[in-house]
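Protein chains in written order, with my numbering: chain R, 12 to 206; chain B, 12 to 206.
Cβ coordinates follow ideal geometry from the N, Cα and C atoms, glycine included.
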DNA sequence: GTCATCGCCTAATGGTGTTAGGCATATGAT
DNA sequence: ATCATATGCCTAACACCATTAGGCGATGAC
């Protein structure tokens with residue numbers, strides 16, 4: 012019986028699956044190799060080192076997340092689009108906790124320049140079309156939305172909400188509402204500022 | 012020459028300093044022991060295992076951050092207090108990147124119940140006194156503020172803003188402004204909801 | 001002085017990332 | 001068809017890490 016051929020894609024996917032099931036920290040070259048029925052030095056023909064493998068998982072996660080967000084916000088506008096964007100993030104973090112964790116690591120060059128990263132930014136900016144924001148404020152608003160969504164999901168994952176009431180789910184909707192309100196009441200930029 | 016006595020506090024502090032200078036991942040028992048002029052098994056008399064040591068760093072960071080926030084927001088109200096709260100977080104993250112990283116790990120029981128964690132939540136809630144929010148919304152607003160601040164600083168640390176203009180510093184002030192606006196325009200809770 | 005406790009030690013084990021070099025099979029040229 | 005080559009995975013080896021078991025000397029009580 013011949014095992015499936017070893018490719019960089021299959022290795023990264025195995026690593027991502029391992030991260031989802033047993034935690035990101037336990038993504039070790041040995042464990043990935045075991046899962047693929049192979050010895051760990053064999054991976055070095057396809058992957059530079061452990062760090063490169065983890066960055067591969069980050070890029071994969073960015074791609075998958077961008078795809079989900081794209082589907083979620085299509086055909087929506089305003090608050091509906093904002094909710095879809097946020098929920099797509101939350102669903103992805105729930106369903107693929109290991110991949111999500113890969114998104115919280117310092118981004119290398121490859122991840123920063125990846126199509127997934129660019130798409131997520133572009134999709135977030137597209138959501139802003141439903142709000143009365145000057146074009147020049149879009150960058151800040153995109154960063155604001157990204158910060159709040161990512162921050163909330165990180166704290167939730169770290170258990171920061173689990174020791175107090177009400178449950179995290181209630182706050183989630185309230186916070187999306189607050190985000191929506193913030194975008195509608197977006198303060199005017201101070202005069203004479205360069206981007 | 013007699014070395015300083017080994018205590019759990021000195022070990023945790025050495026670990027935190029190591030995290031700040033060489034990165035959180037490089038906080039290994041061996042490295043901490045080296046820094047203290049001691050062999051690594053000796054640490055086990057004072058610390059259960061590596062995970063407990065890292066949680067100790069988290070608790071230390073929570074304590075220090077709470078102290079800074081406390082000083083920063085004292086005597087301020089409204090937007091001024093909000094800015095002071097946020098900037099205290101940002102300054103701490105800048106000055107002590109390793110300790111800050113310790114705050115982004117899944118919180119164990121000890122960290123979750125620590126005085127520092129409670130104080131930070133309480134101080135954030137106190138900032139809300141300057142805003143027209145019903146008491147019942149405070150939990151959600153505290154989580155909102157925490158999510159945005161932590162999310163922004165995480166993304167900044169991970170380099171998510173460093174590949175685009177304008178610089179992260181400009182967005183920071185704009186985002187605090189958006190937070191302020193969101194708290195003023197806080198949406199009314201839907202009717203008939205239980206906490 | 002004796003003895004027990006305590007704090008740090010050495011020794012050892014199993015796991016990890018990574019490099020160097022071997023061997024067999026698939027691939028291409030003639 | 002035969003042979004050279006290259007490719008892909010292998011074993012062996014090294015250094016580093018966390019963790020456990022057991023030793024040993026100094027310190028304090030009596």
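Original post:
Going by Cα to Cα distance, which pick from R:71, R:172, R:56 is closest to residue 152 of chain B?
Top reply: Taking the second chain and counting its residues from 1, one reaches residue 152 of chain B at position 141. The candidate whose alpha carbon is nearest that of residue 152 of chain B is R:172.
Original post:
Excluding five sequence neighbours on each side, which residues of the same chain lie with their C-beta closer than 6 angstroms to the C-beta of residue 103 of chain B?
Top reply: Working through the second chain from its first residue, we reach residue 103 of chain B at position 92. By the criterion of a C-beta distance shorter than 6 angstroms, residue 103 of chain B is surrounded in its chain by 76, 79, once the five residues flanking it on both sides are discounted.
Original post:
How many whole angstroms separate the CB atoms of residue 23 of chain B and residue 64 of chain B, which I take to be in contact at a CB cut-off of 8 angstroms?
Top reply: As a working note, residue 23 of chain B is residue 12 in the second chain. As a working note, residue 64 of chain B is residue 53 in the second chain. Confirmed, Cβ separation roughly 7 angstroms.
**OP:** Alpha carbon to alpha carbon, how far is residue 189 of chain B from residue 198 of chain R? Give it in angstroms, no decimals.
**Re:** The sequence position of residue 198 of chain R within the first chain is 187, counting from 1. The sequence position of residue 189 of chain B within the second chain is 178, counting from 1. Taking C-alpha positions only, residue 198 of chain R is separated from residue 189 of chain B by approximately 6 angstroms.
**OP:** Kindly list the residues whose CB is nearer than 6 angstroms to the CB of residue 200 of chain B, restricted to its own chain and excluding five residues on each side of it in sequence; keep chain order.
**Re:** Within the second chain, numbered from 1, the residue matching residue 200 of chain B stands at position 189. There are no such residues.
Subject >> Which of helix, strand or coil DSSP assigns to residue 86 of chain R >> reply: Position 75 of the first chain, counted from the start, is the residue given in the question as residue 86 of chain R. Note: residue 86 of chain R maps to coil in three-state DSSP.
**OP:** Classify residue 38 of chain B as helix, strand or coil using the three-state DSSP reduction.
**Re:** Counting from 1 along the second chain, the entry for residue 38 of chain B is found at position 27. Coil at residue 38 of chain B, not helix or strand.
**OP:** In the DSSP assignment, find the unbroken alpha helix (DSSP H) run with residue 158 of chain R in it and report its ends.
**Re:** Sequence index remark: in the first chain, residue 158 of chain R carries index 147 (1-based). 149-168 is the extent of the alpha helix (DSSP H) around residue 158 of chain R.
**OP:** Could you pull the start and end residues of the alpha helix (DSSP H) that residue 32 of chain B belongs to?
**Re:** What you label residue 32 of chain B is simply residue 21 of the second chain in a count that begins at 1. Run containing residue 32 of chain B: 19-33, per the alpha helix (DSSP H) assignment.
Original post:
Out of curiosity, what's the CA-to-CA distance linking residue 135 of chain R and residue 191 of chain B?
Top reply: In the first chain, the residue the question calls residue 135 of chain R occupies position 124. In the second chain, the residue the question calls residue 191 of chain B occupies position 180. Roughly 21 angstroms between the two C-alpha positions.
Original post:
Which value, in whole angstroms, describes the spacing of the CA atoms of residue 179 of chain R and residue 167 of chain R?
Top reply: Numbered from its first residue, the first chain carries residue 179 of chain R at position 168. Numbered from its first residue, the first chain carries residue 167 of chain R at position 156. For residue 179 of chain R and residue 167 of chain R, the gap between their C-alpha atoms comes out near 7 angstroms.
Original post:
Using a beta-carbon distance below 7 angstroms, is residue 170 of chain B in contact with chain R?
Top reply: Position 159 of the second chain holds residue 170 of chain B. So, interface residue.
Original post:
In the structure shown, what three-state DSSP assignment does residue 116 of chain R receive?
Top reply: Counted from its first residue, the first chain places residue 116 of chain R at position 105. If DSSP states are grouped into helix, strand and coil, residue 116 of chain R belongs with coil.
Original post:
Under 8 angstroms Cβ-Cβ, which residues of chain R neighbour residue 159 of chain B?
Top reply: Along the second chain, read from residue 1 onward, the residue named residue 159 of chain B stands at position 148. The answer, in chain order, is 155, 158, 159, 162.
Original post:
What residue from R:72, R:58, R:150 has the CA that sits closest to residue 127 of chain R's CA?
Top reply: Counting from one through the first chain, the residue named residue 127 of chain R turns up at place 116. Of the candidates R:72, R:58, R:150, the residue whose Cα lies closest to the Cα of residue 127 of chain R is R:72.
Subject >> Within chain B, partners of residue 196 of chain R - CB distance below 9 angstroms >> reply: As a first step, residue 196 of chain R is located in the first chain; it is residue number 185 there, counting from the start. Among the residues of chain B, those whose CB is under 9 angstroms from the CB of residue 196 of chain R are 189, 192, 193, 195, 196, following chain order.
Original post:
With burial defined as no fewer than 16 other Cβ atoms inside 10 Å of the residue's Cβ, what is the status of residue 101 of chain R: buried or exposed?
Top reply: One-based indexing of the first chain puts residue 101 of chain R at position 90. The residue in question, residue 101 of chain R, is buried, as its Cβ has 16 or more Cβ neighbours within 10 Å.
Subject >> CB of residue 158 of chain B within 7 angstroms of CB of residue 157 of chain R, strictly >> reply: Along the second chain, one-based indexing puts residue 158 of chain B at 147. Along the first chain, one-based indexing puts residue 157 of chain R at 146. No, Cβ-Cβ distance for residue 158 of chain B and residue 157 of chain R is not below 7 angstroms.
Original post:
Roughly how many angstroms separate the alpha carbons of residue 187 of chain R and residue 164 of chain B, rounded to a whole number?
Top reply: Taking the first residue of the first chain as 1, we reach residue 187 of chain R at position 176. Taking the first residue of the second chain as 1, we reach residue 164 of chain B at position 153. A direct Cα-to-Cα measurement between residue 187 of chain R and residue 164 of chain B gives close to 20 angstroms.
Original post:
Which whole-angstrom value describes the C-beta separation of residue 92 of chain R and residue 82 of chain R, a residue pair presumed to lie in contact below a C-beta threshold of 8 angstroms?
Top reply: By 1-based counting over the first chain, the position of residue 92 of chain R is 81. By 1-based counting over the first chain, the position of residue 82 of chain R is 71. At roughly 12 angstroms, the Cβ-Cβ gap does not stay under 8 angstroms, so residue 92 of chain R and residue 82 of chain R are not in contact.
Original post:
For the alpha helix (DSSP H) that residue 194 of chain R lies in, which residues bound it at each end?
Top reply: Here residue 194 of chain R refers to the residue found at position 183 when the first chain is read from its first residue. Its alpha helix (DSSP H) spans residues 179-195.
Original post:
Interface residues of chain R around residue 118 of chain B at Cβ under 8 angstroms?
Top reply: Indexing the second chain from 1 puts residue 118 of chain B at position 107. Contact of residue 118 of chain B with chain R by beta-carbon distance below 8 angstroms involves 169, 170, 171.
Original post:
Is the CB of residue 45 of chain R under 7 angstroms away from at least one CB in chain B?
Top reply: Position 34 of the first chain, counted from the start, is the residue given in the question as residue 45 of chain R. Cβ-Cβ to chain B under 7 angstroms: no for residue 45 of chain R.
Original post:
What residues from the stretch 100-116 of chain B come within 8 angstroms of chain R, judged by C-beta to C-beta, listed N to C?
Top reply: 115, 116: these are the residues of the stretch 100-116 of chain B whose beta carbon lies less than 8 angstroms from some beta carbon of chain R, given in chain order.
Original post:
Between the stretch 21-46 of chain B and chain R, which residues of the former have a C-beta closer than 7 angstroms to a C-beta of the latter?
Top reply: Under the 7 angstroms Cβ criterion, the stretch 21-46 of chain B contributes no residue.
**OP:** Give, in chain order, every residue of the stretch 67-90 of chain R whose Cβ lies closer than 8 angstroms to some Cβ of chain B.
**Re:** Flagged: no residues at all.
Original post:
In whole angstroms, what is the alpha-carbon distance linking residue 107 of chain R and residue 87 of chain B?
Top reply: Translated into the one-based positions of the first chain, residue 107 of chain R becomes position 96. Translated into the one-based positions of the second chain, residue 87 of chain B becomes position 76. Straight through space, the alpha carbons of residue 87 of chain B and residue 107 of chain R are spaced by roughly 42 angstroms.
**OP:** Kindly say whether residue 182 of chain R, judged by its beta-carbon, lies nearer than 7 angstroms to any beta-carbon of chain B.
**Re:** Looking up residue 182 of chain R in the first chain gives position 171. Taking Cβ atoms only, chain B reaches closer than 7 angstroms to residue 182 of chain R, which makes this a yes.
**OP:** To the nearest angstrom, report how far apart residue 47 of chain B and residue 138 of chain R are at their CA atoms.
**Re:** On the second chain, position 36 is the one that residue 47 of chain B refers to. On the first chain, position 127 is the one that residue 138 of chain R refers to. Whole-angstrom Cα-Cα distance: 53 angstroms.
Subject >> Assigned exposure category for residue 7 of chain B - 16 Cβ within 10 Å defines buried >> reply: The question about residue 7 of chain B has no answer, for chain B in this structure spans 12 to 206.
Subject >> Close-in-space but distant-in-sequence residues of the same chain around residue 17 of chain B (CB under 7 angstroms, 5 per side omitted) >> reply: The residue given as residue 17 of chain B occupies position 6 in the second chain. For residue 17 of chain B, same chain residues with a beta-carbon under 7 angstroms away, outside a window of 5 residues either side, are 47, 49, 53, 57 in chain order.
**OP:** Output the distance between the C-alpha atoms of residue 184 of chain R and residue 154 of chain B, rounded to the nearest integer angstrom.
**Re:** As a working mapping, residue 184 of chain R is identified with position 173 in the first chain. As a working mapping, residue 154 of chain B is identified with position 143 in the second chain. About 12 angstroms.
Subject >> C-alpha gap between residue 61 of chain B and residue 99 of chain R, whole angstroms >> reply: Mapped onto the second chain, residue 61 of chain B falls at position 50. Mapped onto the first chain, residue 99 of chain R falls at position 88. Their Cα atoms are separated by approximately 35 angstroms.
Subject >> Chain-ordered chain B contacts of residue 138 of chain R [CB-CB under 7 angstroms] >> reply: Reading the first chain from its first residue, position 127 is the one you call residue 138 of chain R. For residue 138 of chain R, there are no neighbours in chain B by C-beta distance under 7 angstroms, as the nearest C-beta there is about 15 angstroms away.
Original post:
Roughly how many whole angstroms lie between the Cα atoms of residue 195 of chain R and residue 141 of chain R?
Top reply: Here residue 195 of chain R refers to the residue found at position 184 when the first chain is read from its first residue. Here residue 141 of chain R refers to the residue found at position 130 when the first chain is read from its first residue. When rounded, the distance between both Cα atoms is 10 angstroms.
Subject >> Contacts of residue 123 of chain B in chain R (Cβ-Cβ under 7 angstroms) >> reply: The residue you call residue 123 of chain B lines up with position 112 of the second chain. Neighbours of residue 123 of chain B in chain R, taken as residues whose beta carbon is under 7 angstroms from its own, are 170, 174 in chain order.
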